[in-house]
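Enquirer: Sending over a structure as structure tokens; questions will come in a sec.
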Amino acid sequence: MNNCQTVSLASRRQSAAFAAATLSLGLFASNLAAQGNPFLLTYSQPETTLSGSNGTDLQYLQPNEIAKIGPCATPSAEKWAPRAVFHAMAGDENSDAQYWRTNLFGRIDALLDPVSTAPIGGTSPRTIFISPEVDVGMGVSAPLQLRAGDVGRFVRRTPPGDGQIEYFIRREQINQALGMPLATPCDVDAIAFVPSIGLFLSLDDDHNILTPCGPMTLNDGGVVFIPDTDLTYTGDFRIAGVTTASAYVLYSEADIDTMVVNAGVTNRFGTCLTQAIDLESLDLHFQGNGYTFIPCPGTTYQVPHLKFSVQTGSGASILTTFLGGSIYTNACGAYGSTCISGLPTFGPQTGIQQTSATVGAPSYVNSLTSSRAMRYALEIRTPVINNLPTGLPAGATLMDIGSPAPVNFVFFTFVPAGVNAVPVSAPGAPWSLLGFPDFYPTPFYYNFYPTVGGTSTFPSFAIPWWFTGKILFQAVGVPGMVEFSTPAILEIN
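With this note's numbering, you'll find the sequence shown wraps up at 947, consecutive numbering, no jumps.
Okay, here's the thing in structure tokens:
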């Protein structure tokens with residue numbers, strides 16, 4: 455028996471073990487729905503949190519940051535993974551001797567909260583998988599790279615250390631499943647995954663693909679399905695291998711257009727949507743009995759319904775394939791305005807502020823995943839500062855924390871400078887099982903700051919005239935147990 459066969463058989467056993475768990479996903483989804491807004495998501499354009507985040511800079515959501523929607527009573531999309539945490543995890547990926555890069559990822563095109571094999575622990579920026587719009591540099595992660603056609607995350611490996619890439623699925627594996635040459639450029643726009651059922655994908659461009667039913671065209675508004683039987687897995691349920699030409703076109707772009715029309719949803723101006731143009735996000739929607747998919751004679755699959763968003767869906771609406779296309783609705787209400795109402799889709803239903811009393815937010819939902827995440831996010835208002843001949847006074851920049859804890863104890867440490875540098879982290883376990891899972895060793899204690907209305911703000915300390923370097927800040931709080939915030943780096947030139 456060769457190694458490939460071993461992996462395949464092991465994966466089948468793992469998949470069978472997960473089948474029973476998958477059968478209970480409907481109940482899990484119902485529990486999430488009862489919580490109201492179990493979503494992580496990104497937006498296509500800069501937006502503002504519905505709450506205003508107490509006037510802090512946490513209110514400004516960028517397309518390369520991840521937000522978490524709050525419960526029904528306060529459905530604001532608060533910053534969960536600021537750009538700063540990705541800069542710390544990725545390091546100087548573009549080899550310019552600076553951690554901060556405003557346009558890292560371009561935008562986050564796809565999100566996937568993975569299957570957890572740990573008995574305890576939540577989703578964190580270390581565990582979430584993303585697909586970027588623009589390739590990430592490989593100054594730290596070489597020879598691996600996070601590209602627009604990959605779905606991956608930043609991890610620590612010893613050796614070589616932090617800033618490494620771990621893939622859920624690689625571009626070459628997607629091309630293989632689509633029956634395309636492995637080097638074909640492709641850009642993942644949306645992804646959803648259910649072990650024992652399979653993988654769902656949408657790409658940003660049109661492609662001619664080879665399916666088990668024969669050649670087909672996959673448009674950027676369509677969805678492909680790779681059955682579980684054509685996937686092999688790693689021990690933590692990432693994709694280890696795929697069967698060549700195994701992907702089916704689950705929904706064509708015309709199918710999605712029909713669902714958009716059936717949903718009867720308006721855009722930010724109150725105009726009814728008539729087409730998708732491009733499908734932008736996917737998430738599972740365990741409603742009803744799912745969908746019986748017969749791609750070609752003699753082949754039948756039972757698949758769940760999917761939540762999705764489209765490029766025309768300004769105002770940040772979320773739709774579903776349920777009932778042949780409808781506005782997604784849960785305990786908090788509907789995620790879009792109906793054509794019958796005549797109202798625009800404003801944006802507050804997905805946690806962001808509308809542009810005016812008559813016009814909704816400009817964004818569509820660019821990526822979406824259901825999650826069990828807790829928010830503990832730290833951000834520096836001016837992350838790169840040029841020192842002065844006289845030094846910088848205390849408060850030269852402010853730092854904001856979105857915190858679940860009543861008090862935040864702030865620590866700092868000096869991190870490496872220079873080309874291809876990366877901060878060195880250490881595992882936080884058995885602490886911070888729900889927050890950021892790592893801490894940055896040998897920290898210096900700075901001060902403590904109370905949380906008021908979900909946020910806390912504190913000033914930078916005075917910087918002497920002779921100092922240049924990189925300082926990483928991280929907070930520790932006790933919302934129930936010891937948790938760590940996301941890290942953020944202040945760069946002083």
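Here a beta-carbon is modelled for each residue, glycine too, at the ideal position from N, C-alpha and C.
#1: Give a yes or no on contact between the segment 626 to 638 and the segment 552 to 571, applying the rule of three or more CB pairs nearer than 8 Å.
#2: Can you tell me whether DSSP reads Thr746 as helix, strand or coil?
#3: What three-state label does DSSP hand Ile794 in the structure shown?
#4: Going by the beta-carbon positions, is the gap between Ala538 and Ile520 smaller than 8 Å?
#5: What residues match up with Thr804 in a beta bridge as DSSP calls it?
#6: With C-beta atoms as the reference, is Thr577 less than 8 Å away from Ala883?
#7: Taking 8 Å as the threshold, find out whether the segment 698 to 715 comes into contact with the segment 660 to 670 through three or more Cβ pairs.
#8: Buried or exposed: Pro798, going by 16 or more other Cβ atoms within 10 Å of its Cβ?
#9: Where do the N-terminal and C-terminal ends of the alpha helix (DSSP H) with Glu945 fall, by residue?
#10: Any contact of the segment 730 to 738 with the segment 672 to 692, i.e. 3+ C-beta pairs under 8 Å?
#11: List, from N- to C-terminal side, the alpha helix (DSSP H) runs of 4 residues or more that fit wholly inside the segment 566 to 636.
#12: Among Leu515, Ile645, Phe865 and Pro597, whose alpha-carbon lies nearest the alpha-carbon of Ser821?
#13: How would you call Phe679, buried or exposed, if buried means at least 16 neighbouring beta carbons within 10 angstroms?
#14: CA-CA distance, Tyr830 and Thr720?
#15: Per DSSP, what are the beta-bridge partners of Met853 in this structure?
#16: According to DSSP, Met543 sits in a beta bridge with which residue or residues?
#17: When DSSP builds the beta bridges, which residues end up paired with Asn662?
#18: Taking Ala544 as the reference, give the member of Phe583, Lys522 and Val590 with the closest Cα.
#19: State buried or exposed for Pro669, treating a residue as buried only when at least 16 other CB atoms are found within 10 Å of its CB.
#20: Helix, strand or coil for Glu532 per DSSP?
#21: Would you give the residue range spanned by the alpha helix (DSSP H) that Glu519 belongs to?
#22: In terms of alpha-carbon separation, which member of Gly790, Val869 and Gly695 lies closest to Gln552?
#23: Okay, do the segment 767 to 778 and the segment 786 to 806 touch, 3+ Cβ pairs below 8 Å being the bar?
#24: Please list, in chain order, all residues of the same chain as Pro847 whose beta carbon is under 7 Å from its beta carbon, the five residues on each side excluded.
#25: So, are the CB atoms of Leu949 and Thr823 less than 8 Å apart?
#26: Does Leu432 come out as helix, strand or coil in the three-state DSSP assignment?
#27: Mind checking which residues open and close the beta strand (DSSP E) that includes Ile645?
#28: Going by C-alpha distance, which of Asp854, Ser910 and Pro933 is nearest Leu887?
#29: How should Phe540 be labelled, buried or exposed, when 16 other C-beta atoms within 10 angstroms of its C-beta is the threshold for buried?
#30: Nearest to Ser530 by CA position, among Gly856, Val648, Thr896 and Ala811, is which residue?
#31: Would you decide whether Asp550 is buried or exposed? Buried here means 16 or more other CB atoms lie within 10 Å of its CB.
#32: Where does the unbroken alpha helix (DSSP H) through Asp711 begin, and where does it stop?
#33: Between Val757, Gly752 and Ile748, which has its C-alpha nearest Gln741's C-alpha?
#34: Just to check my reading of the structure: Asn716 and Ser780 have Cβ atoms closer than 8 Å, yes? What is that Cβ distance to the nearest angstrom?
#35: Are there 16 or more other CB atoms within 10 angstroms of the CB of Arg601, so buried, or fewer, so exposed?
#36: Which residue wins for smallest C-alpha separation from Glu626, given the options Arg610, Val648 and Gln599?
Expert: By the coordinates alone:
#1: no
#2: strand
#3: coil
#4: no
#5: Paired residue(s): none; Thr804 is not in a bridge.
#6: no
#7: yes
#8: buried
#9: Premise fails: Glu945 lies in the beta strand (DSSP E), Ala942 to Ile946, not in any alpha helix (DSSP H).
#10: yes
#11: 625 to 631
#12: Ile645
#13: buried
#14: 34 Å
#15: Ile834 and Phe912
#16: None, per the DSSP bridge assignment.
#17: Thr671
#18: Val590
#19: exposed
#20: strand
#21: Note, Glu519: premise wrong, no alpha helix (DSSP H); not H, not E.
#22: Val869
#23: yes
#24: Ala916
#25: Any property of residue 949 remains undetermined from this structure, which presents the chain solely from 455 to 947.
#26: Nothing can be reported for residue 432, as the shown portion of the chain is limited to 455 through 947.
#27: Val642 to Val648
#28: Pro933
#29: buried
#30: Gly856
#31: exposed
#32: Glu707 to Ala717
#33: Val757
#34: 7 Å
#35: buried
#36: Gln599
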